[in-house]
Amino acid sequence: NAGVTQTPKFRVLKTGQSMTLLCAQDMNHEYMYWYRQDPGMGLRLIHYSVGEGTTAKGEVPDGYNVSRLKKQNFLLGLESAAPSQTSVYFCASSSTGGAREKLFFGSGTQLSVL
Amino acid sequence: KQEVTQIPAALSVPEGENLVLNCSFTDSAIYNLQWFRQDPGKGLTSLLLIQSSQREQTSGRLNASLDKSSGRSTLYIAASQPGDSATYLCAAPSGTYKYIFGTGTRLKVLA
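In the order they appear, the protein sequences are chains A and Z. Position 51 of the first sequence, counted from 1, bears residue number 51 in my numbering, the numbering being contiguous throughout. Take any residue in the second sequence, count from 1 to its spot, add 1000: that is its number in my numbering.
Below, the structure written as structure tokens:
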């Protein structure tokens, strides 16, 4: 009964370091999303994928890259972390309908960039 | 471009009170609207999804309504309990694939 699993849950980086956040879903969903949540700004879409091998930019894609090599996994990469990327990152997935279906969220990754 | 607004940002009520949370959106060409609950330090849990063809959707003590013509949705919580304390977010579609979220209403139910 895992649903959407995000790893790691917490991470502290120094400016300029790189890291990858992993999102895994076991519901056979086609659509996967990466959001960031900042105080007073709500959730903002970083990148999304409409199926294995596809990716697309959301509202705030700069400084991030993504890959969807397997249907169940969606990776978010930070090549050179900046303090402005300090945030809580959420992964979400939905089934075949995209914005017509319920979104299922992971529990989040708290990232601090010093 | 879809924009979603939630008012009030925070709400504190005594236990047992019925309450209404508001959500407004700018683009009424939507398939549906979703309401979510977020507990501190946790992810979002979908509470209700109202299709554009529906006017209301109910789950237990929760009732959500959708009025596309006015660009509004409301989440009604009956007989509130301390366990209802959380942040409630609404999300409206923007195009085929994406949802746009409001900034949420932080609810505190006092025992």
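Heads up, the beta-carbon is just placed ideally off N, CA and C, and yes, glycines get one too.
So is phenylalanine 105 (chain A) in contact with chain Z if we call contact Cβ pairs under 8 Å? On the first sequence, position 105 is the one that residue 105 (chain A) refers to. Yes, phenylalanine 105 (chain A) lies at the interface with chain Z (some Cβ there is under 8 Å from its Cβ).
Own chain residues within Cβ distance below 8 Å of lysine 9 (chain A), not counting five before or after: The residue you call residue 9 (chain A) lines up with position 9 of the first sequence. For lysine 9 (chain A), where only same-chain residues beyond five positions count, the Cβ hits under 8 Å are Ser107, Gly108, Thr109 and Gln110.
Cross-chain neighbours of leucine 43 (chain A) in chain Z, by beta carbon under 7 Å: Counting from one through the first sequence, the residue named residue 43 (chain A) turns up at place 43. Within 7 Å Cβ-Cβ: Phe1101.
So, does the CB of tyrosine 89 (chain A) fall closer than 8 Å to a CB anywhere in chain Z? Working through the first sequence from its first residue, we reach residue 89 (chain A) at position 89. So, not an interface residue.
Pick from Z:Asp1067, Z:Ser1073, Z:Ser1080 and Z:Lys1042: whose alpha carbon is nearest that of glycine 1102 (chain Z)? The residue you call residue 1102 (chain Z) lines up with position 102 of the second sequence. Closest option to glycine 1102 (chain Z), Cα to Cα, is Z:Ser1073.
Cα separation between glycine 1016 (chain Z) and lysine 71 (chain A)? Here the question's residue 1016 (chain Z) lines up with position 16 in the second sequence. Here the question's residue 71 (chain A) lines up with position 71 in the first sequence. Cα to Cα, glycine 1016 (chain Z) sits roughly 45 Å from lysine 71 (chain A).
I think arginine 68 (chain A) touches tyrosine 1031 (chain Z), with their Cβ atoms under 8 Å apart; what is that distance to the nearest whole Å? As a working note, residue 68 (chain A) is residue 68 in the first sequence. As a working note, residue 1031 (chain Z) is residue 31 in the second sequence. Not quite, the Cβ-Cβ distance comes to about 23 Å (not below 8 Å), so this is no contact.
Out of Z:Leu1062, Z:Thr1026 and Z:Glu1056, which has the shortest C-alpha to C-alpha gap to phenylalanine 1036 (chain Z)? Numbered from its first residue, the second sequence carries residue 1036 (chain Z) at position 36. The shortest C-alpha separation from phenylalanine 1036 (chain Z) is found at Z:Leu1062.
Contact defined as beta carbons within less than 8 Å: I believe leucine 1089 (chain Z) pairs with glutamine 1057 (chain Z). What is the distance between those atoms, to the nearest angstrom? Counting from one through the second sequence, the residue named residue 1089 (chain Z) turns up at place 89. Counting from one through the second sequence, the residue named residue 1057 (chain Z) turns up at place 57. Wrong, their Cβ atoms sit about 16 Å apart, outside the cutoff.
Note the first and the last residue of the continuous beta strand (DSSP E) segment covering alanine 24 (chain A). If you number the first sequence from 1, residue 24 (chain A) lands on position 24. Looking at the DSSP string, the run of the beta strand (DSSP E) that includes alanine 24 (chain A) is 19-25.
Less than 8 Å between the beta carbons of glycine 1029 (chain Z) and leucine 1048 (chain Z), yes or no? Within the second sequence, numbered from 1, the residue matching residue 1029 (chain Z) stands at position 29. Within the second sequence, numbered from 1, the residue matching residue 1048 (chain Z) stands at position 48. It should be pointed out that residue 1029 (chain Z) corresponds to alanine in this sequence rather than to glycine. Not closer than 8 Å, so no.
For glycine 1043 (chain Z), go through chain A and note every residue whose CB falls closer than 7 Å to its CB, in chain order. Here residue 1043 (chain Z) corresponds to residue number 43 of the second sequence, with the count starting at 1. By Cβ distance, chain A contributes Phe90, Phe105, Gly106, Ser107 and Gly108.
Does the distance from the CB of valine 12 (chain A) to the CB of serine 112 (chain A) come in under 8 Å? Position 12 of the first sequence holds residue 12 (chain A). Position 112 of the first sequence holds residue 112 (chain A). Yes, the Cβ-Cβ distance between valine 12 (chain A) and serine 112 (chain A) is below 8 Å.
Helix, strand or coil, according to DSSP, for proline 61 (chain A) in the structure here? Counted from its first residue, the first sequence places residue 61 (chain A) at position 61. Proline 61 (chain A): coil per DSSP, three-state reduction.
Reduced DSSP secondary structure (H/G/I, E/B, other) of alanine 1009 (chain Z): Numbered from 1 along the second sequence, position 9 holds the residue referred to as residue 1009 (chain Z). If DSSP states are grouped into helix, strand and coil, alanine 1009 (chain Z) belongs with coil.
Output the distance between the C-alpha atoms of isoleucine 1077 (chain Z) and aspartate 1027 (chain Z), rounded to the nearest integer angstrom. Numbered from 1 along the second sequence, position 77 holds the residue referred to as residue 1077 (chain Z). Numbered from 1 along the second sequence, position 27 holds the residue referred to as residue 1027 (chain Z). Taking the straight line joining both Cα atoms gives about 26 Å.
Got a sec: is the Cβ-Cβ distance from proline 1014 (chain Z) to anything in chain A below 8 Å? As a working note, residue 1014 (chain Z) is residue 14 in the second sequence. No, its Cβ sits nowhere closer than 8 Å to a Cβ of chain A.
Sequence ranges, beta strand (DSSP E) only - wholly within the region 1009-1095 of chain Z, length at least 3: 1010-1014, 1019-1025, 1032-1038, 1044-1051, 1056-1059, 1062-1067, 1072-1077 and 1086-1094
Hey, does proline 1093 (chain Z) have any beta-carbon neighbour from chain A nearer than 8 Å? Sequence index remark: in the second sequence, residue 1093 (chain Z) carries index 93 (1-based). Output row for proline 1093 (chain Z): interface = yes.
For chain C, check one thing: does any of its Cβ atoms lie closer than 8 Å to the Cβ of leucine 1049 (chain Z)? You won't find chain C in this structure, because its protein chains are A and Z.
Inter-residue Cα distance where the pair is glutamine 37 (chain A) and leucine 75 (chain A): Counting from one through the first sequence, the residue named residue 37 (chain A) turns up at place 37. Counting from one through the first sequence, the residue named residue 75 (chain A) turns up at place 75. Taking the straight line joining both Cα atoms gives about 17 Å.
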